[in-house]
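What follows is a single structure, written as structure tokens, with notes after it.
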Amino acid sequence: MNFFRGVMGGQAVGPQPSGAETIQKLCDRVASSTLLEDRRDAVRALKSLSKKYRMEVGTQAMDHLINILQTDRSDSEILGYALDTLYNLICNDEEEEQDENAQKQADDLGAQFTDTFIQDPEHVTLLLTLLEEFDFHVRWPAVKLLTALLKNQCVQVQGIILVSPMGVSRLMDLLADSREVIRNDGLLLLQQLTKSNAAIQKIVAFENAFERLLDIITEEGSSDGGIVVEDCLLLLLNLLKNNSSNQNFFKEGSYIQRMKPWFEVGDDNSGWSAQKVTNLHLMLQLVRVMVSPVNSPGATASCQKSMYQCGLLQQLCTILMATGVPADILTETINTVSEVIRGSQVNQDYFASVNAPSNPPRPAIVVLLMSMVNERQPFVLRCAVLYCFQCFLYKNQKGQGEIVATLLPSTIDANSISAGQLLCGGLFSADSLSNWCAAVALAHSLQDNLTQKEQLLRVQLATSLGKPPVSLLQQCTNILSQGSKVQTRVGLLMLLCTWISNCPIAVTHFLHNQENVPFLTAQISENLGEDERLVQGLCALLLGICIYYNDNSLENYTKEKLKQLIEKRIGKENFVEKLGFITKHELYSRAAQKPQPVFPSPEQMLFDHEFTKLVKELEGMITKAVHKSSEEEKKEEEVKKTLEQHDNIVTQYKELIREQDAQIQELKEQVASMSSQNEQMQTTVTQQLSQIQQHKDQYNILKLKLGKENQSQSNSQGDGSQMNGLQTEEITQLREELEELRRQHALLQTQLGDKDALINTLRSEASQTAEVSTGGTDNTELHKELEALRSQVQSQSAEINQMKTERQELLRRAEAGSSAAVPGSDGSLDAAKMAELESRLAAQTTETERLKEEGKSSSQSRAELEQQLASATSTVAILQTEKAKLQTEVQESKKEQDDLLMLLADQDQKIHSLKLRLKDLGETVDDEDDLDARDQTDDDEDEEDED
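Just add 31 to the spot in the sequence shown (first one is 1) and you have the working numbering.
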């Protein structure tokens, strides 16, 4: 207990132990005590000593403290003491009383202890596990300790958390904690975690971070909120900056629309708190991150469109024109509006329509330009206005035309101030910064726009009373030759280079002044100081543009003569060296990095971003043009002419192919329509065929009825009168049917005429486009189908005519039969004639049916014969193939036989010679006859055995 009294400040007995000894004893107590209370007291004592004896506690107690975190998980109090102690060891608190050396030593100590702690990744995983504890005394120190670790060794700790299962998810749960202290420190932890790590940024974003952060910002009062809103905005910036995936997720989640209420400002904007200014500044930066020029063009354009549609751009323009807004917020708002409208035609058109709330109303562009050319305005504000004007004209030929039009004589309004007048006023004012800004702004009005370069040549300026007006081009060169400040001359030279580049007419106007070329050559050839080198380089670039884009319309200043002048007065190598001064300048590379003009001081404002692109494009071409001989230029011109001719021919062929494609498409559509009409006609023909069959059936029934009635008429006169009445009804019905058939026949004739006209039209069109039309086969098939349809219609009309004649004959017979009322012999004669006609008609019908059947059978037999002929032909081909094979085999067998005969003859010769030798030796040898006889005997015996 005496030990604890000494530690906790009680009365000490005996000599006081040193701090290192006390810490050693406490560490032994933590390691060896079995009672939880003793260990807890020892850890509490270490916590109290951890700030005063940071080195000793860190070197001796860190392992024991980590062991406490692993073993005593059940006691939240000892866990809290251990975490607080570790935090005191690792955290580098910046105290005002400490000098720089002491602070540096403290930082080194914190980094050393951090390295010791994260040597084992399980220690960081242990902290992530402790975050799941809901107890405030455990969770809050764990959050602070993790934050300190990330501050000291960010990359290593990020890597451990990234591979830890559910590591990022556990940290995201801190934002949902109801205790504001833990939630706010969780924001600081996530800020450190998401620094410069795209993988963690994506995981945090997909853990619904945007939704939670925007909810917190809304709950805390948006721009009027406190430090928590600032922390949320800083975390959002970490998640979105240079992360295209998160930017797309933010846009697709409709979170841009939720940013609009942040920028709602009232009429009274005085007395803004410092926190509100900071919050609004971060909010504007967040908008700029989404539409930054370094993003991909597609993503930027999509965000710009969303900002216009949800009204965010309109809200920003309201802040732009509001009164009482702090200067830094106004500057950042101008920069934000600049990037929201940059390259977006819809947004640029809207910005052009915005008017300032003045009397009379003036366009916002004019009000901003008034600030840019006013030397009393802050430098950063003037830079922001220049950037806004540049973004308004970026890829906006319509806006460029409107600006140049305000300088033309026909559109100048003496009663109002225009953008052109402000630019001219700034171009020729006494302030060099205004000269530079106005020159760069005017150059952007001409960027990549040949029409406006030519239009600006018409601008005339009245210099003084009694003197004739001079052109704007001439006035620029006059000021240039007067030897003004370097910044002014650099701005004018950039304007002239942009103006006459890729514009031969402007080059001719520039060379027409006899003083310009001598002035440029004099400037380039002189040996001046370091400050004048940039001017010399720009003069060399201007002279090189006059050579490269020269159309040789002036005899004294053709390409060849200007190159000869350079070679005599300057020297080609010296000229190229002076031209290289531009890209070697230290401010050139800074301006080439990003479009926004950001300069630490007005004196360093020399280069424009778009002009650096022009220099990069022209430097190599001018160097080649200066070194080329006249013969090479002639060859190049010939090659260019040849290429232009080829391009013209290719263009003509492309146009011809487009026309032919259009014609083919039109013909295809006609073929499709004709096919549909053909199908409709076929359907109509099928219906008419069924109707004709019905009429035939009715006609046959009527014939049968008429035959029966004629027979009954020959039997009695009384029945004849009844028969006449029945025949009269049937005759009326036949007449109606005949009229119906006539109408159908007329309809068919009309449709047939329409088809003929369409066929003739298709024939004429097909003959005109026969070379390229691929639909000729379809037209031929359609023509065949139409011919077949016409033949069917003609055959049907023939049948109808035949039926009409037959029906007329029947009507005539019926009328003749009804006119003979009394004489019975005439009735019998008519009945006999009717019977004869019916028999003839039946015979003809039978003959027709027979002929049809014979035609069908003949066509079938013909098809069978053709099939048999085809099969026979194939059989003959197969047999011929087999015959050729057999002949080949026979030839081979004959050859083999001949070879065998030759072998047998040789063998017989050898046998004979051997027999002779055996006989000479005295051996008995059987002759061939004896052998044959013996073989015959053997064969007979074999046959008997078989029997």
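Even glycine gets a Cβ: it sits at the ideal position worked out from N, Cα and C.
May I ask you to report which of helix, strand or coil DSSP gives N386? Translated into positions along the sequence shown, residue 386 becomes position 355. Strand, per DSSP.
Near V803, what residues of its chain come up, given a Cβ to Cβ distance below 6 Å and the 5 sequence neighbours on each side ignored? Along the sequence shown, one-based indexing puts residue 803 at 772. The predicted position of V803 is uncertain, since its pLDDT is 39 and thus under 50; a value taken from the coordinates is nonetheless stated next. The residues are Q691.
Can you tell which of I576, L559, V501, E563 has its C-alpha closest to the C-alpha of N544? Here residue 544 refers to the residue found at position 513 of the sequence shown. The option with the nearest alpha carbon to N544 is V501.
Are there 16 or more other CB atoms within 10 angstroms of the CB of I688, so buried, or fewer, so exposed? Counting from one through the sequence shown, the residue named residue 688 turns up at place 657. That one is exposed.
Using the Cα positions of E920 and D937, report the straight-line distance between them to the nearest angstrom. On the sequence shown, residue 920 is found 889 positions in, with the first residue counted as 1. On the sequence shown, residue 937 is found 906 positions in, with the first residue counted as 1. If you take the alpha carbons of E920 and D937, they lie about 26 Å apart.
Nearest to L551 by alpha carbon, out of L610, R319, V435, Q491? Within the sequence shown, the letter at position 520 stands for residue 551. The candidate whose alpha carbon is nearest that of L551 is L610.
Pair every Cβ in the segment 563-578 with every Cβ in the segment 524-540, then say whether three or more of these pairs are closer than 8 Å. yes
Starting from the C-beta of F410, find all residues in its chain whose C-beta is less than 6 Å away, skip the five residues before and the five after it, and write them out in chain order. Here residue 410 refers to the residue found at position 379 of the sequence shown. Correct list, in chain order: P633.
Option in V416, G50, S254, I213 with minimal Cα separation from A358: For the purposes of this step, residue 358 is taken as the residue at position 327 of the sequence shown. If we check each option's Cα against that of A358, V416 comes out closest.
Would you verify that the beta carbon of S512 is, or is not, closer than 8 Å to some beta carbon of chain B? Looking at the structure shown, chain B is missing, and only one protein chain is on hand.
Pick out whichever of L504, W467, Q506, H540 has its Cα sitting closest to the Cα of V517. For the purposes of this step, residue 517 is taken as residue 486 along the sequence shown, with counting starting at 1. With distances taken between Cα atoms, V517 lies closest to W467.
Measure the alpha-carbon distance for V174 versus V322 and round it to whole angstroms. In the sequence shown, counting from the first residue as 1, residue 174 sits at position 143. In the sequence shown, counting from the first residue as 1, residue 322 sits at position 291. In a straight line, the C-alpha of V174 is about 34 Å away from that of V322.
Sort C185, V188, D262, F241 by Cα distance to N215 and report the nearest one. Against the sequence shown, residue 215 aligns to sequence position 184. For the residues C185, V188, D262, F241, the minimum Cα distance to N215 belongs to D262.
On the DSSP bridge list, what partners appear for Q722? As a working mapping, residue 722 is identified with position 691 in the sequence shown. Beta-bridge pairing links Q722 to no other residue.
What residue does the alpha helix (DSSP H) around W171 start on, and which one ends it? Within the sequence shown, residue 171 is the residue found at index 140, counting from 1. Taken as a continuous stretch (DSSP letters only), the alpha helix (DSSP H) holding W171 covers 167-183.
To the nearest whole angstrom, what separates the beta carbons of A179 and Y118, a pair I think is in contact under 8 Å? As a position in the sequence shown, residue 179 is number 148, starting the count at 1. As a position in the sequence shown, residue 118 is number 87, starting the count at 1. 6 Å between Cβ atoms; contact.
Assign P392 to one of three DSSP states: helix, strand, or coil. In the sequence shown, counting from the first residue as 1, residue 392 sits at position 361. The answer is coil: DSSP assigns P392 none of H, G, I, E or B.
Residue environment, V646, which counts as buried when at least 16 other CB atoms sit within 10 Å: Your numbering for residue 646 matches position 615 in the sequence shown. V646 is buried by the Cβ-count criterion.
Within the continuous alpha helix (DSSP H) that includes W467, where are the two ends? For the purposes of this step, residue 467 is identified with residue 436 of the sequence shown, where counting begins at 1. Its alpha helix (DSSP H) spans residues 463-477.
Per-residue DSSP class, three states only, for V325: Here residue 325 refers to the residue found at position 294 when the sequence shown is read from its first residue. The answer is coil: DSSP assigns V325 none of H, G, I, E or B.
By DSSP, does S441 sit in helix, in strand, or in coil? By one-based count along the sequence shown, residue 441 stands at place 410. Note: S441 maps to helix in three-state DSSP.
Considering only the alpha carbon of each residue, which of M93, K82, S49 lies closest to C58? Your numbering for residue 58 matches position 27 in the sequence shown. Residue M93 is the option with its Cα nearest to C58.
Among T362, L205, W293, which has the Cα closest to the Cα of L412? Residue 412 sits at position 381 when you count from the first residue of the sequence shown. The option with the nearest alpha carbon to L412 is T362.
In its own chain, which residues sit with a C-beta less than 8 Å from the C-beta of S301, not counting the 5 before and 5 after it? Residue numbering aside, residue 301 sits at position 270 when the sequence shown is read from its first letter. G355, listed in sequence order.
Looking at the strands, I want to know which residues DSSP matches up with N491. Residue mapping note: residue 491 aligns to position 460 of the sequence shown, counting from 1. Strictly speaking, residue 491 in this sequence is Gln, with Asn absent from that position. Q491 pairs with S502.
Rounded straight-line distance, which links the Cα of G430 to that of F423: By 1-based counting over the sequence shown, the position of residue 423 is 392. By 1-based counting over the sequence shown, the position of residue 430 is 399. Approximately 7 Å, taken between the alpha carbons.
Taking all protein chains shown into account, do 16 or more other C-beta atoms lie within 10 angstroms of the C-beta of S465, making it buried, or fewer, making it exposed? As a working mapping, residue 465 is identified with position 434 in the sequence shown. Buried, by the Cβ-count rule.
Report buried or exposed for R75, applying the criterion of at least 16 other Cβ atoms within 10 angstroms of its Cβ. In the sequence shown, the residue the question calls residue 75 occupies position 44. Classification of R75: buried, given that the 10 Å Cβ count is 16 or more.
Are there three or more Cβ pairs, one per stretch, closer than 8 Å when the segment 224-242 is compared with the segment 195-203? yes
Count the other CB atoms within 10 Å of the CB of P392; is the residue buried (16 or more) or exposed (fewer)? By 1-based counting over the sequence shown, the position of residue 392 is 361. When all chains shown are included, P392 counts as exposed.
Kindly list the residues whose CB is nearer than 7 Å to the CB of L158, restricted to its own chain and excluding five residues on each side of it in sequence; keep chain order. In the sequence shown, the residue the question calls residue 158 occupies position 127. If we look at L158 and ignore the five residues flanking it on each side, its Cβ neighbours are A173, L176, L177.
Have a look at K291 and C419 and give me their C-alpha separation to the nearest angstrom. Counted from its first residue, the sequence shown places residue 291 at position 260. Counted from its first residue, the sequence shown places residue 419 at position 388. About 21 Å.
Just reading off the alpha helix (DSSP H) that C58 is part of, what are its end residues? Start at 1 with the first residue of the sequence shown, and residue 58 comes out as number 27. It spans 50-63 - the alpha helix (DSSP H) in which C58 sits, taken as one unbroken run.
Give the list of continuous alpha helix (DSSP H) stretches no shorter than 4 residues that lie fully inside the segment 893-943. none
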